[in-house]
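So the structure is just underneath, and the comments pick up after that.
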Amino acid sequence: PAAAVAEAPVKKPSRWPWLAVAAALLAVAAAVVVDGLRPAPDAPLVRSTLLPPDDHFYAVDSPFAVSPDGRRIAFVATSSPGAVLTRTTTRSLWVRDLAEAEAREVPGTDGAQYPFWSYDGRQLGFFAGGKLNKVDLRGGPVVPLCDTQDGRGGSWNEDGVILFQQ
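According to our numbering, the stretch in the sequence shown is residues 911 to 1076, in order.
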């Protein structure tokens, strides 16, 4: 006679681990929703007067450029009023931190126009002498990047790619 084979009872998998995971996911989702409903903290209000540096005038033919974090402004200032350029007129790039009263001139930027910021706010691009240039605001020389006929502003992404209009 064949021996009787005893069958082991089949255990059903426990549902508790799945229920615990589902409960944790619901808690995380609820936390995200509640956090999204809270009002965003108010950004600090900055009030400032933007006067040109002493003995200089804003270059009316070159727009201001606001840094990516909104805390600094780059602009071109000239030694003569308006857009009148003469042999004795100088124009250069200036940067003003809005938390400070004075702007500082960026060395080596003679003839600058149409400044724009790098994505991280550490460098400025600008046009001068028929070239697209860049300068590191932490120090260093002006670096010519390429020739251009009449540059009119640019955009600089985090991969170092600069798109500009001419």
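For each residue, glycine too, the CB sits at the ideal point set by N, CA and C.
The structure displayed is predicted, hence computed values, not measured ones.
Secondary structure note for G946: it is in no beta strand (DSSP E), and the uninterrupted alpha helix (DSSP H) holding it is W926 to L947. Under DSSP, Q1033 shares a beta bridge with D1046. Secondary structure at A1013: coil, using DSSP grouped into helix, strand and coil. The straight-line gap separating the alpha-carbon atoms of A937 and P949 is approximately 21 angstroms.
Boundaries of the beta strand (DSSP E) harbouring T988: R982 to T988, taken from the DSSP string. With distances taken between CA atoms, G980 lies nearest to L1008 out of L960, L1008 and T988. Look at D964 here: in three-state DSSP terms it is coil, with no helix or strand label.
Between the segment 1011 to 1028 and the segment 1049 to 1068, the count of Cβ pairs shorter than 8 angstroms is three or higher; the stretches touch. Between A987 and P962, the gap from beta carbon to beta carbon is short of 8 angstroms. Apart from sequence neighbours up to five positions away, the residues of its chain that approach Q1076 with a beta-carbon distance below 8 angstroms are T1058, Q1059, D1060, G1061 and R1062, ordered along the chain. In this structure, DSSP gives S1002 an extended state, which the three-state scheme calls strand.
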